[in-house]
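Chains as they are written, first to last, in this note's numbering: chain A, 10 to 304; chain B, 103 to 319. The beta-carbon is built from N, C-alpha and C at its ideal position, and this holds for glycine as well. Computed from a predicted structure; not experimentally measured. Before any comments, here is the structure.
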């Protein structure tokens with residue numbers, strides 16, 4: 010039985026996913042509020058896994074909360090903090106509690122996070138994690154041992170369409186597809202003409218692609234991303250547009266820009282959907298969708 | 103040439119390690135740490151002055167030719183009395199030297215340096231890590247450049263999403279090894295090699311601690 014998210018991907022509709030970030034601590038109020046707000050609006054919610062290497066409430070626990078709240082969930086799983094035993098065990102657990110969608114990531118460096126002295130693991134990489142999922146689905150583990158009860162996932166991965174140089178990323182992208190990625194959520198894209206070039210290439214593969222959209226909150230934030238976030242390129246005209254927004258209206262402008270981009274992706278059928286990242290401002294996702302005319 | 107690349111420990115740490123030891127004998131090395139300016143003649147002399155200033159009594163000092171060599175014991179025997187008088191040996195060599203000396207002398211050893219990596223001098227005054235001795239070498243498929251050592255995450259199937267303009271996500275001074283591998287394989291017309299899916303690595307190629315015994319000849 011395909012997952013609800015998988016059904017949405019296969020239906021040909023314009024798919025929308027977004028992110029919800031578990032809290033730093035045990036107070037789940039805001040997190041649960043975001044889930045309640047988004048569960049009927051988006052096709053699935055990604056629960057992040059210690060994003061930016063910052064220790065938080067676990068992704069698995071967050072996924073359980075989404076299921077409890079009646080939403081469709083995508084478990085984000087990085088290779089940074091767990092070796093192959095722990096990753097496989099978490100996949101068994103996820104499968105047993107009804108978490109059926111999975112996003113496989115390498116994970117940011119420990120050094121970028123808030124436990125800079127910690128040991129990083131990277132026993133597997135993202136393509137190997139995808140391969141692992143497919144092996145577990147066949148009722149075996151990575152050691153070749155039989156499982157008493159297999160797993161089943163709609164598994165995906167990420168790509169950075171505006172990476173420089175691009176070809177090494179594309180080689181990895183193809184490995185991920187060969188390893189069984191069914192969907193791809195991209196790093197944020199802002200230059201849609203360039204993204205269309207990527208899609209001209211990516212269309213040859215049997216994989217659904219959701220374009221990453223990060224909400225711009227201010228001109229300095231856009232400049233910060235250009236300087237510090239790999240593969241994110243906010244064109245100057247968008248930065249100027251953000252800078253020209255009246256005082257206190259930057260967020261409104263950011264919503265307008267995100268909405269406009271999603272609208273174009275939708276109308277021109279550039280790819281199969283979007284993955285909206287509102288980083289800490291998840292409550293604005295419905296506004297972005299309204300601005301895009303996809304509610 | 104293979105070099106052990108070291109860095110001086112923070113002053114406070116050396117001070118803490120030497121707490122309670124009043125008479126100190128200092129040992130440097132004429133090989134790698136002389137090259138990296140962390141334990142050659144000038145650094146040993148500077149340390150002597152530093153310790154004296156802090157009220158320690160330096161019973162003697164020397165720079166052995168190759169601290170990690172077993173001949174170090176013989177070389178140090180010339181300093182028998184000065185070493186005997188010392189409460190501890192402050193050793194300004196890499197951890198190979200410190201451990202070699204610790205095995206040879208019945209004295210507390212205090213390392214003054216941290217050993218960062220095993221590498222080589224790739225330009226004047228520039229040192230790069232080359233091999234992490236993982237025991238399962240894959241450089242036959244990566245154009246002779248090691249991603250296990252030179253990718254921050256040790257990734258073997260291509261770059262992560264953090265690479266930017268050919269640099270590593272943790273430090274723009276560090277190259278993204280996957281860009282280097284890509285460029286090299288492209289130059290050699292062997293990009294197909296990069297497309298090969300690498301299975302999860304065997305991290306127990308030689309389970310720690312490494313040990314190898316040759317069969318009798």
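In its chain, beyond the 5 residues on either side, 131, 135, 141, 169 have a beta carbon closer than 6 Å to the beta carbon of residue 195/B.
With a cutoff of 8 Å on beta-carbon distance, residue 89/A and residue 108/A are scored as not near each other.
Between residue 244/B and chain A, the shortest Cβ-Cβ separation is not below 8 Å.
The beta carbon of residue 185/A sits closer than 7 Å to those of 135, 136, 139, 166, all from its chain and outside the five residues before and after it, given in chain order. Here residue 295/A carries a helix assignment [DSSP, helix/strand/coil]. Residue 56/A and residue 70/A have their C-alpha atoms spaced approximately 9 Å apart. Within the DSSP bridge table, the entry for residue 109/B names 216/B as partners. At a cut-off of 8 Å between beta carbons, residue 176/A contacts chain B. Listed in chain order, the alpha helix (DSSP H) runs fully inside the stretch 158 to 242 of chain B are 174 to 179, 182 to 187, 197 to 206, counting runs of at least 4 residues. Secondary structure note for residue 241/A: it is in no beta strand (DSSP E), with a DSSP letter that is neither H nor E. Closest by C-alpha distance to residue 146/A, out of 170/A, 164/A, 266/A, is 164/A. Within chain A, the residues 115 have their CB atoms less than 7 Å from the CB of residue 262/B, given in chain order.
Close CB contacts of residue 22/A within its chain, under the 6 Å cut and outside five residues either way in sequence, are absent.
For residue 85/A, no Cβ of chain B is located within less than 8 Å of the residue's own Cβ. Residue environment for residue 158/B: buried (at least 16 other C-beta atoms within 10 angstroms of its C-beta). Around the beta carbon of residue 105/B, 16 or more other beta carbons lie within 10 angstroms, which makes this residue buried. The continuous alpha helix (DSSP H) containing residue 40/A extends over residues 38 to 47.
Looking only at 49/A, 102/A, 93/A, the smallest Cα-Cα distance to residue 72/A is reached by 102/A. Residue nearest to residue 209/B within the set 197/B, 220/B, 226/B, 191/B is 191/B (criterion: CA-CA distance). Taking a beta-carbon distance threshold of 8 Å, residue 194/B does not count as an interface residue toward chain A.
Across the structure, residue 162/A and residue 317/B are spaced so that their CA atoms are roughly 50 Å apart. In this structure, residue 202/B keeps its C-beta atom at 8 Å or more from the C-beta atom of residue 184/B. Among the residues of the stretch 220 to 251 of chain A, those with a Cβ less than 7 Å away from any Cβ of chain B are 239, 240, in the order of the chain. For residue 103/B, there are no neighbours in chain A by C-beta distance under 9 Å, as the nearest C-beta there is about 30 Å away. By the C-beta criterion, the stretch 235 to 254 of chain B is judged to be in contact with the stretch 295 to 313 of chain B, since at least 3 inter-stretch pairs fall below 8 Å. Scanning chain A for C-beta atoms nearer than 9 Å to the C-beta of residue 124/B yields nothing, as the closest lies near 33 Å away. For residue 125/B, no alpha helix (DSSP H) encloses it; the enclosing beta strand (DSSP E) starts and ends at 125 to 131. Among the residues of the stretch 180 to 194 of chain A, those with a Cβ less than 8 Å away from any Cβ of chain B are 180, 181, 183, 184, 187, 188, in the order of the chain.
With fewer than 16 neighbouring CB atoms inside 10 Å of its own CB, residue 273/A falls in the exposed class. For residue 275/A, the uninterrupted alpha helix (DSSP H) run begins and ends at 259 to 276, by DSSP.
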